[in-house]
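Numbering (the working numbering), first residue to last: 1295 to 1559.
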């Protein structure tokens, strides 16, 4: 917890062509920030970039790990003022661990892990040397999920596991930076509940996260309003909707213990 998290100047947003990524991009641009969109589909990136006034866009599948390092080199060469990374890109696959064809299941699971885990890891590690040289206040934002705190949606076993990893990795990344004196580098976890995006596009009903089907779902605008409040107030972990209470209960139960034990490291 501290001052506003909006002190950065130029943000790279993965999964920036739609959904939560696009919403964050619009908000950042309204606040006078330079925004660079990243995603897998050039046509969507091009259209969104033109629509919202993004500074640039780059085509990158964050699940193709070997493409990440060259991407970072190119982006920093083109835009050396980058001081914010938003790890937003993610996929959610319905998987039946008992009945799905093993080869098909593992192929889908591996891709899900690459996009949700390896992508954010390689991007953060790749941008960190640049951020560590900064005299400003660089920021890394990792988007996890309510399912990373309570995996109640059992059709998404791998997704929930990847988001639990994002939660714990974000905590440790923040702690390690502070332990090494990089207190100027912020690390924020955003924890969405069910939000009306296209995340459920591979389900039998891809609209089961929309308000007309799910009363607890948040619209993009409702979700972003809570995220903006958290960023403005300098929160390190920002839960919205149903995730807010779950995050608060988790930290109430384990936060002090974590702080106490990591202080001994």
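Beta carbons are placed, not taken as given, at the ideal position from N, Cα and C, and that holds for glycine.
Cβ-based burial, residue 1449 [other Cβ within 10 Å; buried from 16]: For the purposes of this step, residue 1449 is identified with residue 155 of the chain shown, where counting begins at 1. Looking at its Cβ environment, which holds fewer than 16 other Cβ atoms inside 10 Å, residue 1449 is exposed.
With 16 other Cβ atoms within 10 Å as the buried cut-off, status of residue 1539: Indexing the chain shown from 1 puts residue 1539 at position 245. It is exposed - the Cβ of residue 1539 has fewer than 16 other Cβ atoms within 10 Å.
Where residue 1352 sits in the DSSP three-state scheme: As a position in the chain shown, residue 1352 is number 58, starting the count at 1. If DSSP states are grouped into helix, strand and coil, residue 1352 belongs with the strands.
Validate contact between the stretch 1378 to 1386 and the stretch 1304 to 1311 using beta carbons, cut 8 Å, 3 pairs: yes
Buried versus exposed, by CB contacts within 10 Å (16 or more), residue 1392: For the purposes of this step, residue 1392 is identified with residue 98 of the chain shown, where counting begins at 1. Classification of residue 1392: exposed, given that the 10 Å Cβ count is below 16.
Simplified DSSP assignment, three categories, for residue 1385: Here residue 1385 refers to the residue found at position 91 when the chain shown is read from its first residue. Here residue 1385 sits in coil by DSSP.
Opening and closing residue of the beta strand (DSSP E) in which residue 1466 lies: Stepping through the chain shown from its first residue, residue 1466 is reached at position 172. That residue, residue 1466, is in no beta strand (DSSP E); its alpha helix (DSSP H) goes 1451 to 1473.
Endpoints, beta strand (DSSP E) assigned at residue 1522: Indexing the chain shown from 1 puts residue 1522 at position 228. Looking at the DSSP string, residue 1522 is not in any beta strand (DSSP E); the run it does join, the alpha helix (DSSP H), is 1514 to 1526.
Whole-angstrom distance between residue 1456 and residue 1411, CA atom to CA atom: In the chain shown, counting from the first residue as 1, residue 1411 sits at position 117. In the chain shown, counting from the first residue as 1, residue 1456 sits at position 162. Rounded to the nearest angstrom, the two C-alpha atoms are 6 Å apart.
Which of helix, strand or coil DSSP assigns to residue 1305: Sequence index remark: in the chain shown, residue 1305 carries index 11 (1-based). Strand, per DSSP.
C-alpha distance - residue 1313 paired with residue 1559, whole-angstrom precision: Along the chain shown, one-based indexing puts residue 1313 at 19. Along the chain shown, one-based indexing puts residue 1559 at 265. Whole-angstrom Cα-Cα distance: 39 Å.
Three-state secondary structure assigned by DSSP to residue 1479: Taking the first residue of the chain shown as position 1, residue 1479 is located at position 185. In this structure, residue 1479 counts as coil in the three-state DSSP scheme.
Proximity test, residue 1399 beta-carbon vs the ligand NAD heavy atom, cut-off 6 Å: Because no ligand of any kind appears in the structure shown, any question about the ligand NAD cannot be addressed here.
As assigned by DSSP and simplified to three states, the class of residue 1429: As a first step, residue 1429 is located in the chain shown; it is residue number 135 there, counting from the start. In this structure, residue 1429 counts as coil in the three-state DSSP scheme.
Neighbour-count burial assignment, residue 1553, 16 or more Cβ in a 10 Å radius: Locating residue 1553 in the chain shown gives position 259, counting from the first residue. Looking at its Cβ environment, which holds fewer than 16 other Cβ atoms inside 10 Å, residue 1553 is exposed.
Beta-carbon contacts of residue 1408 that lie in its chain and below 7 Å, excluding the five residues immediately before and after: Reading the chain shown from its first residue, position 114 is the one you call residue 1408. Cβ within range, chain order: 1357 and 1359.
Status (buried if at least 16 other CB within 10 Å, exposed otherwise) for residue 1524: Taking the chain shown and counting its residues from 1, one reaches residue 1524 at position 230. With a threshold of 16 other beta carbon atoms within 10 Å, residue 1524 meets it and is buried.
Helix, strand or coil at residue 1408 [DSSP, three-state]: Taking the chain shown and counting its residues from 1, one reaches residue 1408 at position 114. Helix, per DSSP.
Spatial distance of residue 1526 from residue 1322 (CA atoms): Start at 1 with the first residue of the chain shown, and residue 1526 comes out as number 232. Start at 1 with the first residue of the chain shown, and residue 1322 comes out as number 28. Their backbone Cα atoms lie some 12 Å apart in a straight line.
Alpha carbon of residue 1336 to alpha carbon of residue 1352, nearest angstrom: As a working note, residue 1336 is residue 42 in the chain shown. As a working note, residue 1352 is residue 58 in the chain shown. If you take the alpha carbons of residue 1336 and residue 1352, they lie about 8 Å apart.
Alpha-carbon spacing of residue 1297 relative to residue 1368, whole angstroms: To locate residue 1297, count along the chain shown from 1; it is residue 3. To locate residue 1368, count along the chain shown from 1; it is residue 74. In a straight line, the C-alpha of residue 1297 is about 32 Å away from that of residue 1368.
Cβ neighbour criterion (16 or more within 10 Å) applied to residue 1543: Here residue 1543 corresponds to residue number 249 of the chain shown, with the count starting at 1. Exposed, since its Cβ has fewer than 16 Cβ neighbours within 10 Å.
Three CB pairs or more closer than 8 Å across the stretch 1462 to 1471 and the stretch 1396 to 1408: Under the three-pair Cβ rule at 8 Å, the stretch 1462 to 1471 does not count as touching the stretch 1396 to 1408.
Three-state secondary structure assigned by DSSP to residue 1376: Within the chain shown, residue 1376 is the residue found at index 82, counting from 1. The three-state reading of DSSP puts residue 1376 in coil, since its state is none of H, G, I, E or B.
Residue 1366 versus 1511, 1424, 1477 and 1478, residue with shortest Cα-Cα distance: For the purposes of this step, residue 1366 is taken as the residue at position 72 of the chain shown. Among 1511, 1424, 1477 and 1478, the Cα nearest to that of residue 1366 belongs to 1424.
Own chain residues within Cβ distance below 8 Å of residue 1350, not counting five before or after: For the purposes of this step, residue 1350 is taken as the residue at position 56 of the chain shown. Result list for residue 1350: 1330, 1331, 1343, 1372 and 1373, in chain order.
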